[in-house]
Structure formats: structure tokens, C-alpha cells
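*Asks:*
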Amino acid sequence: MLWIRSTVFLVGMVLSAILFSPIAIFSGLLPALVCTRVISLWALFINFWLRVTCKIVYKVRGELDWGNGPAVILSKHQSAWETIAFQLIFPTQTWALKREVLWIPFFGWGLAATRPIAINRRAKVRALDQLIEQGTQRLQEGRWVVIFPEGTRMAPGLRGHYSPGGAMLAINCNVPIIPVAHNAGSFWGRRQFLKRPGTIQVWVGPAINTTDRKPRALIKEAEDWIEEKMKVLN
Numbered sequence: 000m001l002w003i004r005s006t007v008f009l010v011g012m013v014l015s016a017i018l019f020s021p022i023a024i025f026s027g028l029l030p031a032l033v034c035t036r037v038i039s040l041w042a043l044f045i046n047f048w049l050r051v052t053c054k055i056v057y058k059v060r061g062e063l064d065w066g067n068g069p070a071v072i073l074s075k076h077q078s079a080w081e082t083i084a085f086q087l088i089f090p091t092q093t094w095a096l097k098r099e100v101l102w103i104p105f106f107g108w109g110l111a112a113t114r115p116i117a118i119n120r121r122a123k124v125r126a127l128d129q130l131i132e133q134g135t136q137r138l139q140e141g142r143w144v145v146i147f148p149e150g151t152r153m154a155p156g157l158r159g160h161y162s163p164g165g166a167m168l169a170i171n172c173n174v175p176i177i178p179v180a181h182n183a184g185s186f187w188g189r190r191q192f193l194k195r196p197g198t199i200q201v202w203v204g205p206a207i208n209t210t211d212r213k214p215r216a217l218i219k220e221a222e223d224w225i226e227e228k229m230k231v232l233n
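Taking numbering that gives the first Met the number 0, I'd label the letters of the sequence shown as residues 0 to 233.
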């Protein structure tokens, strides 16, 4: 049954990406905030389709009063799920991602319309400059910035190296950091075809003030909070 449900979900996801990509591409002609809201319609459908076909839902707990200004989200990265569902959980946002993602047919083309922070990870020094430069522009536009400090999807129970780039961006723009932990990888796993039914738990931490903070200490605080919650979620 899992194979059937997962197959039906994948077919619907691919077809919807193909059908929606022209809308997403043309929405790139609209103001940035409008464009990202148009893109979130696809995320809304995928969340619905995931619930119907694979019986996967999510629950958010924690600090949900974020104030009026933008922020930098530092999140655990386990699945493709969070790149979709965060559009429904948090205010209008963009993401820091490797530029190769934008080369994926249909999905990547539509994603490019939102003007994400596309990073060339092979050039590490330049990648940090790109993150700070483009991230500052997005925050000034009023968009939140989602960063996965471990840089890649981690299997449940594993912990990667937390890069301080997101903390540096938040300090540079004097915006708070919102740490986020979740267990999406237990249901929609990294490089796994099967989707397992259940409730994804998303835990949103309190805003971390970045005024007069050092990047290493700041990323350590966010990492400690995230990993402590992951012990409970896993």
C-alpha cells in the first residue's frame, strides 16, 4: 500500500509541477512578494495531495509570535518537505540553495522566478559573499530568509556541521534568528521513495536577538536549541 500511495503522490507532484511551472515563470514578472505568494499556491496543493495520498500531516508548536519585521530561519534539513511546507507556516520567504537546484526541469524553473539565494558551493569564499549580498537584498524587500546551516539533508538521528553563514547574515542585517526543528525525515526521508503516514512535528524556537553578537556564538546557540529538540523528536 505504501508503494501505491507513494507512486500516486509522485505522479501528482510531477504533473502539478509541469502544469504550474508556466504560471510560476510568468509570475516572476510581478513584484517579489506577489510572486512568492503565487508560488505558495503550488505548496498548498502539494500539502493537500500529501495528506490525501500518503496520510502525512503536520503540527506546529512553539513560538509563533514573530513581530512585524523579517527574520532569518535556521532550520534542520531532513527532507524536501520543509522546502514546501515552510511556505505555509512562515511569512513570505526565500531560500538559500545550491544553484544546481534551479537547473531541474519545471520545478527549478519555477523556483528561479522567486529569486532565491542561489549559491555556488564550489567557490566557498564567494558562496559566503553571495549569501550575505543576496540575503541582505531579500531581507530589505521584506522577505524572510530560510537557511539550512548543515548544508544538506541529514538522516534522522544524524547531525551535520553548522555553518555560521546564516548567523553572519542576521548580524549584518540586524534581524533575529528563528531556530526550527522538525522530524520530516521520519516520514518523507532523504532520497527515499516511500512516504510513511503520520504527523510531522515542527518545533519553532524563540527569536534569538543578534545585536552585538558574534557569529560563532550565535550559530552555537541556534544549533544547541535545534539539536536538543531533535533528541525529543527523534
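Don't be surprised by glycine CBs; every beta carbon is placed ideally from N, CA and C.
Sorted by chain position, which residues of the same chain lie with C-beta nearer than 7 Å to residue 50's C-beta, five sequence neighbours on each side aside?
*Replies:* Indexing the sequence shown from 1 puts residue 50 at position 51. Excluding sequence neighbours, residue 50 sits near 56.
*Asks:* So residue 168 and residue 144 are supposed to be a Cβ contact under 8 Å. How far apart are they, rounded?
*Replies:* Position 169 of the sequence shown holds residue 168. Position 145 of the sequence shown holds residue 144. Residue 168 to residue 144, Cβ: 7 Å. Contact.
*Asks:* So is residue 156 buried or exposed if we call it buried at 16+ other beta carbons inside 10 Å?
*Replies:* Counting from one through the sequence shown, the residue named residue 156 turns up at place 157. Exposed.
*Asks:* Using only alpha-carbon positions, find the residue among 116, 101, 78, 98 that is nearest to residue 92.
*Replies:* Walking along the sequence shown from the start, residue 92 turns up at place 93. It is 116 whose Cα lies nearest to the Cα of residue 92.
*Asks:* In whole angstroms, what is the alpha-carbon distance linking residue 178 and residue 227?
*Replies:* If you number the sequence shown from 1, residue 178 lands on position 179. If you number the sequence shown from 1, residue 227 lands on position 228. The straight-line gap from Cα to Cα measures roughly 11 Å.
*Asks:* Who are the Cβ neighbours of residue 196 in its own chain at under 7 Å, not counting the five residues just before and after it?
*Replies:* Here residue 196 refers to the residue found at position 197 when the sequence shown is read from its first residue. These residues qualify, in order along the chain: 53, 54, 55.
*Asks:* Mind listing, in chain order, the continuous alpha helix (DSSP H) runs of no fewer than 4 residues lying wholly within the segment 106-143?
*Replies:* Qualifying alpha helix (DSSP H) stretches, in chain order: 106-111, 123-139.
*Asks:* Per DSSP, residue 74 is paired with what?
*Replies:* Sequence index remark: in the sequence shown, residue 74 carries index 75 (1-based). DSSP lists 179 as partners of residue 74.
*Asks:* Does the segment 7-23 come close enough to the segment 63-81 that 3 or more CB-CB pairs lie under 8 Å?
*Replies:* The segment 63-81 vs the segment 7-23: no contact.
*Asks:* Under a three-way DSSP split, which group does residue 6 fall into?
*Replies:* Position 7 of the sequence shown, counting from 1, holds the residue named residue 6. Helix, per DSSP.
*Asks:* Drop a sphere of 10 angstroms on the beta-carbon of residue 216, count the other beta-carbons inside from all chains shown, and report buried for 16 or more, exposed for fewer.
*Replies:* Looking up residue 216 in the sequence shown gives position 217. The residue is exposed, with fewer than 16 neighbouring Cβ atoms inside 10 Å.
*Asks:* Among the candidates 198, 90, 146, whose CA atom is the shortest distance from the CA of residue 96?
*Replies:* If you number the sequence shown from 1, residue 96 lands on position 97. Among 198, 90, 146, the Cα nearest to that of residue 96 belongs to 146.
*Asks:* In the DSSP assignment, what residue or residues form a beta bridge with residue 60?
*Replies:* Working through the sequence shown from its first residue, we reach residue 60 at position 61. According to DSSP, residue 60 bridges with 202.
*Asks:* When the Cα atoms are used, what is the spatial distance from residue 13 to residue 133?
*Replies:* Here the question's residue 13 lines up with position 14 in the sequence shown. Here the question's residue 133 lines up with position 134 in the sequence shown. Their backbone Cα atoms lie some 29 Å apart in a straight line.
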